[in-house]
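Below is one structure, written out as C-alpha coordinates; comments come after it.
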Amino acid sequence: LKVCPGYLKILIYKNARELLKIKGLNLHPGLKKELYKLILDRYYQPFASAIKLAELQRILYQDSEGDYLFDRHLLEKDYDFNKIRVKNTLQVILNEIKWQDNIVALARHNATYTEAELRIDNFKHLQHVDWALYEEEFLSYHDNSAPTKNDVGAPRVFFDPDNTTGLVFCHGYMAAPAEDLPLAEYLFQHGINVYLPRLRGHGTDPEALKTVSADDWEVDFERGFTAMRQVCDKVFIGGFSTGGLLALRHAQQYEVEGVIAINSALRLNNLQVSYIVPTLQAFNEMISHLHAKGIKEWVDNVSENPDINYAKHPLASIAQMEKVMNRVDKALDKIDDPILVLQGDNDPVVNPKSARLIYDKVKSPVKKLVLLPRKQHIIVTGTGTEEVFETVHRFIEDVLHDKY
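Numbering (our numbering), first residue to last: 11 to 414.
Put into C-alpha coordinates, the structure is as follows:
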(Lines of atoms letter the chains of each structure in order from A and count residues from 1; the text may use other names and numbers.)
(Lines give C-alpha, C1' and ligand atoms only; values in the text may rest on other atoms or scores of the structure.)
Protein backbone atom coordinates (compact mmCIF):
# COMPACT_ATOMS: atom_id res chain seq x y z
CA LEU A 1 0.00 0.00 0.00
CA LYS A 2 1.56 3.29 -1.17
CA VAL A 3 0.46 6.62 0.33
CA CYS A 4 1.63 10.21 -0.19
CA PRO A 5 2.60 11.79 3.18
CA GLY A 6 0.61 14.93 2.41
CA TYR A 7 -2.52 12.95 1.61
CA LEU A 8 -2.10 10.81 4.72
CA LYS A 9 -1.92 13.90 6.93
CA ILE A 10 -5.01 15.59 5.52
CA LEU A 11 -6.93 12.30 5.67
CA ILE A 12 -5.98 11.82 9.33
CA TYR A 13 -6.98 15.43 10.02
CA LYS A 14 -10.38 14.85 8.42
CA ASN A 15 -10.92 11.67 10.46
CA ALA A 16 -9.74 13.23 13.72
CA ARG A 17 -11.92 16.32 13.56
CA GLU A 18 -14.97 14.24 12.70
CA LEU A 19 -14.29 11.97 15.66
CA LEU A 20 -14.63 15.06 17.83
CA LYS A 21 -18.26 15.34 16.72
CA ILE A 22 -19.17 11.86 17.98
CA LYS A 23 -20.63 12.01 21.46
CA GLY A 24 -19.52 9.59 24.14
CA LEU A 25 -16.00 8.96 22.86
CA ASN A 26 -13.11 9.26 25.30
CA LEU A 27 -10.57 10.97 23.04
CA HIS A 28 -7.03 12.10 23.69
CA PRO A 29 -7.00 15.80 24.72
CA GLY A 30 -4.41 16.48 22.02
CA LEU A 31 -7.15 16.15 19.41
CA LYS A 32 -8.82 19.26 20.79
CA LYS A 33 -5.79 21.54 20.73
CA GLU A 34 -4.39 23.06 17.53
CA LEU A 35 -4.92 19.88 15.54
CA TYR A 36 -4.56 21.92 12.33
CA LYS A 37 -0.78 21.87 12.87
CA LEU A 38 -0.87 18.31 11.52
CA ILE A 39 -1.54 19.58 8.00
CA LEU A 40 1.19 22.21 8.03
CA ASP A 41 4.64 21.40 6.72
CA ARG A 42 6.09 21.90 10.16
CA TYR A 43 7.15 18.99 12.37
CA TYR A 44 4.14 17.66 14.28
CA GLN A 45 5.25 15.44 17.15
CA PRO A 46 2.25 13.06 17.48
CA PHE A 47 2.35 12.24 13.76
CA ALA A 48 6.14 11.95 13.69
CA SER A 49 6.16 9.57 16.66
CA ALA A 50 3.55 7.30 15.05
CA ILE A 51 5.53 7.18 11.80
CA LYS A 52 8.75 6.45 13.68
CA LEU A 53 7.08 3.57 15.53
CA ALA A 54 5.80 2.11 12.26
CA GLU A 55 9.28 2.36 10.74
CA LEU A 56 10.94 0.73 13.74
CA GLN A 57 8.53 -2.19 13.53
CA ARG A 58 9.07 -2.39 9.75
CA ILE A 59 5.41 -1.80 9.00
CA LEU A 60 6.25 1.31 7.00
CA TYR A 61 9.15 2.77 5.06
CA GLN A 62 9.66 5.61 2.60
CA ASP A 63 10.60 4.99 -1.01
CA SER A 64 12.95 7.11 -3.12
CA GLU A 65 10.08 9.47 -4.01
CA GLY A 66 9.25 10.14 -0.36
CA ASP A 67 5.98 8.21 -0.36
CA TYR A 68 5.05 5.84 2.46
CA LEU A 69 4.88 2.12 1.72
CA PHE A 70 2.87 0.08 4.23
CA ASP A 71 3.44 -3.64 4.66
CA ARG A 72 -0.12 -4.74 5.23
CA HIS A 73 0.95 -8.35 5.85
CA LEU A 74 3.13 -7.32 8.81
CA LEU A 75 0.49 -4.93 10.12
CA GLU A 76 -2.08 -7.74 10.26
CA LYS A 77 0.32 -10.49 11.36
CA ASP A 78 -0.74 -12.39 14.47
CA TYR A 79 1.50 -12.55 17.54
CA ASP A 80 0.87 -14.12 20.89
CA PHE A 81 -0.30 -11.88 23.72
CA ASN A 82 3.16 -11.42 25.24
CA LYS A 83 4.82 -10.34 21.99
CA ILE A 84 2.25 -8.26 20.13
CA ARG A 85 2.72 -5.07 22.17
CA VAL A 86 6.43 -5.13 21.35
CA LYS A 87 6.34 -6.50 17.81
CA ASN A 88 3.20 -4.80 16.48
CA THR A 89 2.09 -1.91 18.67
CA LEU A 90 0.01 -0.34 15.90
CA GLN A 91 -2.10 -3.49 15.62
CA VAL A 92 -2.85 -3.21 19.34
CA ILE A 93 -4.06 0.34 18.74
CA LEU A 94 -6.13 -0.72 15.73
CA ASN A 95 -7.75 -3.49 17.74
CA GLU A 96 -9.10 -0.81 20.09
CA ILE A 97 -11.26 0.65 17.32
CA LYS A 98 -11.93 -2.29 14.98
CA TRP A 99 -15.06 -3.22 16.91
CA GLN A 100 -16.50 0.31 16.68
CA ASP A 101 -18.37 0.01 13.40
CA ASN A 102 -19.26 3.71 13.17
CA ILE A 103 -15.62 4.77 13.38
CA VAL A 104 -14.47 2.16 10.86
CA ALA A 105 -17.25 3.19 8.47
CA LEU A 106 -16.29 6.84 8.88
CA ALA A 107 -12.63 6.15 8.08
CA ARG A 108 -13.50 4.04 5.04
CA HIS A 109 -15.87 6.69 3.71
CA ASN A 110 -13.32 9.48 4.12
CA ALA A 111 -10.71 7.38 2.31
CA THR A 112 -12.85 7.61 -0.84
CA TYR A 113 -12.19 11.35 -1.11
CA THR A 114 -9.47 12.64 -3.38
CA GLU A 115 -6.71 14.84 -2.00
CA ALA A 116 -8.26 17.89 -3.70
CA GLU A 117 -11.65 17.17 -2.12
CA LEU A 118 -10.11 16.75 1.32
CA ARG A 119 -8.19 20.00 0.99
CA ILE A 120 -11.31 21.95 0.08
CA ASP A 121 -13.16 20.35 2.98
CA ASN A 122 -10.38 21.23 5.43
CA PHE A 123 -10.31 24.79 4.05
CA LYS A 124 -14.03 25.20 4.71
CA HIS A 125 -13.69 23.66 8.16
CA LEU A 126 -10.97 26.12 9.20
CA GLN A 127 -13.13 29.00 7.95
CA HIS A 128 -15.94 27.66 10.11
CA VAL A 129 -13.64 27.56 13.15
CA ASP A 130 -12.74 31.22 12.60
CA TRP A 131 -16.40 32.17 12.30
CA ALA A 132 -17.38 30.15 15.37
CA LEU A 133 -14.73 31.90 17.48
CA TYR A 134 -15.97 35.28 16.26
CA GLU A 135 -19.61 34.38 16.85
CA GLU A 136 -18.95 33.14 20.38
CA GLU A 137 -17.00 36.25 21.32
CA PHE A 138 -19.54 38.60 19.69
CA LEU A 139 -22.47 37.05 21.55
CA SER A 140 -20.60 37.41 24.84
CA TYR A 141 -20.83 41.20 24.50
CA HIS A 142 -24.00 41.72 22.44
CA ASP A 143 -27.08 40.22 24.04
CA ASN A 144 -29.64 41.58 21.61
CA SER A 145 -28.03 40.94 18.23
CA ALA A 146 -26.30 38.20 16.29
CA PRO A 147 -23.16 38.60 14.18
CA THR A 148 -23.39 38.76 10.40
CA LYS A 149 -20.92 37.93 7.65
CA ASN A 150 -20.61 41.66 6.85
CA ASP A 151 -19.68 42.83 10.36
CA VAL A 152 -16.43 44.77 10.68
CA GLY A 153 -15.08 42.01 12.91
CA ALA A 154 -16.07 39.05 10.76
CA PRO A 155 -13.18 37.10 9.21
CA ARG A 156 -13.33 37.35 5.41
CA VAL A 157 -12.30 35.05 2.61
CA PHE A 158 -12.02 35.81 -1.10
CA PHE A 159 -11.63 32.50 -2.89
CA ASP A 160 -11.79 31.25 -6.46
CA PRO A 161 -10.69 27.62 -6.99
CA ASP A 162 -9.10 28.62 -10.29
CA ASN A 163 -6.65 30.94 -8.50
CA THR A 164 -3.41 29.21 -7.50
CA THR A 165 -1.91 32.09 -5.48
CA GLY A 166 -3.15 33.23 -2.10
CA LEU A 167 -2.41 35.90 0.48
CA VAL A 168 -3.12 35.75 4.20
CA PHE A 169 -3.31 39.38 5.32
CA CYS A 170 -3.95 40.37 8.93
CA HIS A 171 -5.30 43.55 10.48
CA GLY A 172 -3.55 45.58 13.15
CA TYR A 173 -4.01 46.07 16.88
CA MET A 174 -7.46 47.45 17.85
CA ALA A 175 -8.62 47.06 14.23
CA ALA A 176 -10.60 44.34 12.43
CA PRO A 177 -10.70 42.47 9.09
CA ALA A 178 -12.99 45.11 7.55
CA GLU A 179 -10.08 47.56 7.52
CA ASP A 180 -8.29 45.42 4.94
CA LEU A 181 -11.29 44.79 2.68
CA PRO A 182 -10.28 47.32 -0.03
CA LEU A 183 -6.87 45.68 -0.43
CA ALA A 184 -8.41 42.20 -0.45
CA GLU A 185 -10.96 43.16 -3.08
CA TYR A 186 -8.27 44.76 -5.25
CA LEU A 187 -6.01 41.70 -5.15
CA PHE A 188 -8.90 39.29 -5.69
CA GLN A 189 -9.82 41.18 -8.84
CA HIS A 190 -6.26 40.50 -10.00
CA GLY A 191 -6.53 36.74 -9.50
CA ILE A 192 -5.21 36.35 -5.96
CA ASN A 193 -7.18 34.59 -3.23
CA VAL A 194 -7.16 36.50 0.07
CA TYR A 195 -7.82 35.34 3.63
CA LEU A 196 -8.43 38.04 6.25
CA PRO A 197 -8.22 36.38 9.68
CA ARG A 198 -9.56 38.00 12.84
CA LEU A 199 -7.34 38.23 15.87
CA ARG A 200 -9.24 37.29 18.99
CA GLY A 201 -10.34 40.25 21.07
CA HIS A 202 -10.84 42.40 17.97
CA GLY A 203 -13.97 43.49 16.14
CA THR A 204 -16.33 42.74 19.03
CA ASP A 205 -15.79 44.78 22.20
CA PRO A 206 -12.68 46.31 23.82
CA GLU A 207 -13.37 44.23 26.93
CA ALA A 208 -12.53 41.12 24.90
CA LEU A 209 -8.92 42.28 24.61
CA LYS A 210 -8.43 41.79 28.33
CA THR A 211 -8.53 38.01 28.07
CA VAL A 212 -6.40 37.29 24.98
CA SER A 213 -2.68 36.76 24.57
CA ALA A 214 0.06 37.06 21.98
CA ASP A 215 -0.08 33.27 21.69
CA ASP A 216 -3.79 33.46 20.80
CA TRP A 217 -3.03 35.93 18.02
CA GLU A 218 -0.29 33.72 16.62
CA VAL A 219 -2.70 30.78 16.54
CA ASP A 220 -5.36 32.91 14.79
CA PHE A 221 -2.90 33.92 12.08
CA GLU A 222 -1.56 30.39 11.76
CA ARG A 223 -5.06 28.97 11.32
CA GLY A 224 -5.71 31.30 8.39
CA PHE A 225 -2.34 30.40 6.92
CA THR A 226 -3.14 26.69 7.24
CA ALA A 227 -6.48 27.21 5.51
CA MET A 228 -4.92 29.02 2.56
CA ARG A 229 -2.20 26.39 2.24
CA GLN A 230 -4.93 23.82 1.65
CA VAL A 231 -6.18 25.45 -1.55
CA CYS A 232 -3.31 27.49 -3.01
CA ASP A 233 -0.01 26.30 -4.46
CA LYS A 234 1.75 29.54 -3.57
CA VAL A 235 0.94 31.45 -0.39
CA PHE A 236 2.14 34.90 0.62
CA ILE A 237 1.61 36.27 4.11
CA GLY A 238 1.33 39.85 5.26
CA GLY A 239 -0.38 42.35 7.43
CA PHE A 240 -0.83 45.92 8.48
CA SER A 241 0.89 47.20 11.64
CA THR A 242 0.71 44.43 14.26
CA GLY A 243 -0.68 42.14 11.57
CA GLY A 244 2.56 42.65 9.67
CA LEU A 245 4.49 41.62 12.76
CA LEU A 246 2.50 38.40 12.94
CA ALA A 247 3.35 37.74 9.30
CA LEU A 248 7.03 38.26 10.09
CA ARG A 249 6.66 35.96 13.07
CA HIS A 250 5.31 33.17 10.87
CA ALA A 251 7.90 33.76 8.18
CA GLN A 252 10.43 32.92 10.90
CA GLN A 253 8.80 29.49 11.26
CA TYR A 254 7.49 28.47 7.82
CA GLU A 255 8.55 28.65 4.21
CA VAL A 256 6.32 31.05 2.29
CA GLU A 257 6.37 32.63 -1.16
CA GLY A 258 6.83 36.09 0.29
CA VAL A 259 6.15 38.41 3.21
CA ILE A 260 4.50 41.85 3.24
CA ALA A 261 4.78 44.15 6.27
CA ILE A 262 3.00 47.51 6.12
CA ASN A 263 3.67 50.11 8.84
CA SER A 264 4.81 47.41 11.26
CA ALA A 265 6.36 48.59 14.49
CA LEU A 266 9.48 47.37 16.18
CA ARG A 267 9.59 50.80 17.83
CA LEU A 268 6.81 53.24 18.78
CA ASN A 269 6.95 57.01 18.39
CA ASN A 270 4.65 57.42 21.36
CA LEU A 271 7.03 57.20 24.31
CA GLN A 272 4.10 57.16 26.70
CA VAL A 273 2.97 53.80 25.35
CA SER A 274 6.37 52.11 25.47
CA TYR A 275 7.36 53.61 28.82
CA ILE A 276 4.24 53.95 30.92
CA VAL A 277 2.71 50.54 30.22
CA PRO A 278 5.15 48.43 32.24
CA THR A 279 5.33 51.12 34.92
CA LEU A 280 1.57 51.25 35.35
CA GLN A 281 1.27 47.48 35.26
CA ALA A 282 3.80 47.09 38.04
CA PHE A 283 2.01 49.80 40.03
CA ASN A 284 -1.39 48.23 39.42
CA GLU A 285 -0.18 44.81 40.50
CA MET A 286 1.23 46.27 43.69
CA ILE A 287 -1.86 48.15 44.80
CA SER A 288 -4.21 45.38 43.68
CA HIS A 289 -2.76 43.27 46.48
CA LEU A 290 -3.88 46.02 48.83
CA HIS A 291 -7.41 45.80 47.37
CA ALA A 292 -7.21 49.42 46.35
CA LYS A 293 -9.73 51.02 44.01
CA GLY A 294 -9.26 53.12 40.94
CA ILE A 295 -6.68 51.01 39.16
CA LYS A 296 -6.04 52.40 35.69
CA GLU A 297 -6.83 49.58 33.26
CA TRP A 298 -7.59 51.44 30.06
CA VAL A 299 -5.86 53.72 27.58
CA ASP A 300 -7.93 55.97 25.30
CA ASN A 301 -7.37 55.71 21.57
CA VAL A 302 -8.02 58.55 19.12
CA SER A 303 -8.37 56.53 15.94
CA GLU A 304 -8.04 57.55 12.31
CA ASN A 305 -10.72 54.95 11.55
CA PRO A 306 -13.26 55.12 14.43
CA ASP A 307 -15.89 53.05 12.60
CA ILE A 308 -13.58 50.03 12.84
CA ASN A 309 -10.94 50.70 15.51
CA TYR A 310 -11.61 50.61 19.24
CA ALA A 311 -11.81 53.92 21.12
CA LYS A 312 -9.97 52.43 24.10
CA HIS A 313 -7.84 49.42 24.91
CA PRO A 314 -6.66 47.69 28.09
CA LEU A 315 -3.10 47.95 29.34
CA ALA A 316 -2.84 44.18 29.51
CA SER A 317 -3.33 43.83 25.76
CA ILE A 318 -0.70 46.46 25.00
CA ALA A 319 1.74 44.25 26.85
CA GLN A 320 0.73 41.38 24.56
CA MET A 321 1.36 43.53 21.51
CA GLU A 322 4.82 44.37 22.83
CA LYS A 323 5.44 40.66 23.37
CA VAL A 324 4.82 40.10 19.65
CA MET A 325 7.25 42.92 18.85
CA ASN A 326 9.97 41.41 21.00
CA ARG A 327 9.53 37.93 19.54
CA VAL A 328 9.80 39.26 16.01
CA ASP A 329 12.75 41.53 16.74
CA LYS A 330 14.78 38.68 18.25
CA ALA A 331 14.40 36.39 15.25
CA LEU A 332 14.32 38.63 12.17
CA ASP A 333 17.56 37.07 10.98
CA LYS A 334 15.71 33.77 10.51
CA ILE A 335 13.66 35.22 7.64
CA ASP A 336 15.03 34.45 4.20
CA ASP A 337 11.84 34.61 2.11
CA PRO A 338 11.22 37.47 -0.35
CA ILE A 339 9.95 40.45 1.62
CA LEU A 340 8.28 43.79 0.98
CA VAL A 341 8.52 46.39 3.76
CA LEU A 342 6.13 49.27 3.12
CA GLN A 343 6.14 52.32 5.39
CA GLY A 344 4.65 55.80 5.56
CA ASP A 345 7.50 58.27 6.05
CA ASN A 346 5.60 60.44 8.57
CA ASP A 347 3.64 57.77 10.40
CA PRO A 348 2.41 59.31 13.70
CA VAL A 349 2.20 55.90 15.43
CA VAL A 350 5.02 53.76 14.06
CA ASN A 351 8.55 55.10 13.97
CA PRO A 352 9.59 54.90 10.30
CA LYS A 353 12.97 53.63 11.50
CA SER A 354 11.22 50.33 12.22
CA ALA A 355 10.96 49.68 8.49
CA ARG A 356 14.71 50.10 8.03
CA LEU A 357 15.39 47.89 11.05
CA ILE A 358 13.23 45.12 9.61
CA TYR A 359 14.78 45.49 6.16
CA ASP A 360 18.34 45.43 7.48
CA LYS A 361 17.88 42.49 9.86
CA VAL A 362 16.14 39.98 7.58
CA LYS A 363 18.40 37.66 5.60
CA SER A 364 16.20 37.59 2.52
CA PRO A 365 18.18 37.75 -0.74
CA VAL A 366 15.09 39.33 -2.28
CA LYS A 367 13.89 42.29 -0.24
CA LYS A 368 12.33 45.64 -1.01
CA LEU A 369 11.85 48.72 1.16
CA VAL A 370 9.29 51.29 -0.01
CA LEU A 371 8.75 54.59 1.82
CA LEU A 372 5.61 56.48 0.85
CA PRO A 373 4.86 60.13 1.66
CA ARG A 374 2.06 59.65 4.19
CA LYS A 375 1.15 61.54 7.36
CA GLN A 376 -1.44 59.04 8.62
CA HIS A 377 -0.86 55.61 10.14
CA ILE A 378 -3.67 53.74 8.39
CA ILE A 379 -2.68 53.68 4.72
CA VAL A 380 -4.72 50.67 3.59
CA THR A 381 -7.98 52.65 3.52
CA GLY A 382 -8.91 56.15 2.42
CA THR A 383 -7.04 58.38 0.01
CA GLY A 384 -3.80 57.29 -1.55
CA THR A 385 -4.45 53.58 -1.28
CA GLU A 386 -4.00 52.95 -5.00
CA GLU A 387 -0.23 53.27 -4.73
CA VAL A 388 -0.18 50.93 -1.73
CA PHE A 389 -2.30 48.31 -3.47
CA GLU A 390 -0.29 48.51 -6.69
CA THR A 391 2.98 48.15 -4.77
CA VAL A 392 1.72 45.02 -3.01
CA HIS A 393 0.37 43.51 -6.21
CA ARG A 394 3.53 44.26 -8.17
CA PHE A 395 5.67 42.64 -5.46
CA ILE A 396 3.59 39.45 -5.56
CA GLU A 397 3.71 39.27 -9.35
CA ASP A 398 7.44 39.98 -9.49
CA VAL A 399 8.17 37.21 -6.99
CA LEU A 400 5.94 34.76 -8.86
CA HIS A 401 7.68 35.54 -12.15
CA ASP A 402 11.24 35.66 -10.76
CA LYS A 403 11.76 39.29 -11.74
CA TYR A 404 14.06 40.07 -8.82
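For glycine and all other residues, C-beta sits at the position ideal for the given N, C-alpha and C.
>> Can you tell me whether H138 is buried or exposed? The criterion is at least 16 other CB atoms within 10 Å of its CB, across all chains shown.
In response: exposed
> When the Cα atoms are used, what is the spatial distance from K43 to I130?
Replying inline: 21 Å
> Can you tell me whether DSSP reads G16 as helix, strand or coil?
Replying inline: helix
>> Can you tell me whether E65 is buried or exposed? The criterion is at least 16 other CB atoms within 10 Å of its CB, across all chains shown.
In response: exposed
> How long is the line joining the alpha carbons of T99 and H403, rounded to whole angstroms?
Replying inline: 52 Å
> Which word fits Q353, buried or exposed, when buried means at least 16 other C-beta atoms lie within 10 angstroms of its C-beta?
Replying inline: buried
>> For a test of the three-state rule: what should DSSP assign to P324, helix, strand or coil?
In response: strand
> When the Cα of G76 is compared with those of A186, L367, G16 and W227, which residue comes out closest?
Replying inline: G16
> Over what stretch of residues does the beta strand (DSSP E) that includes K87 continue unbroken?
Replying inline: Taken as a continuous stretch (DSSP letters only), K87 belongs to no beta strand (DSSP E), as it is neither H nor E.
> Of the choices Q240, V359 and I247, whose alpha-carbon is the least far from that of E127?
Replying inline: Q240
> For W308, which three-state DSSP category applies?
Replying inline: strand
> With DSSP run on the structure shown, which of helix, strand or coil describes Q72?
Replying inline: strand
> Does DSSP put A271 in a helix, a strand or coil?
Replying inline: strand
> Who does G249 pair with in a DSSP beta bridge?
Replying inline: C180 and A271
> Which term fits D161, buried or exposed, when burial requires 16 or more other beta carbons within 10 angstroms of its beta carbon?
Replying inline: buried
>> Short of 7 Å in beta carbon distance, which residues of its chain neighbour D412, apart from the five on each side in sequence? Order them along the chain.
In response: none
> Cα separation between V245 and Y53?
Replying inline: 19 Å
> Quick one: Cα of L191 to Cα of D226, how far?
Replying inline: 23 Å
> Does DSSP classify G234 as helix, strand or coil?
Replying inline: helix
>> If you reduce the DSSP assignment to three classes, tell me which class K134 lands in.
In response: helix
> I think G248 touches I270, with their Cβ atoms under 8 Å apart; what is that distance to the nearest whole Å?
Replying inline: 3 Å
> P383: buried (16+ other C-beta within 10 angstroms of its C-beta) or exposed?
Replying inline: exposed
> Under 9 Å between the Cβ atoms of S364 and I345?
Replying inline: no
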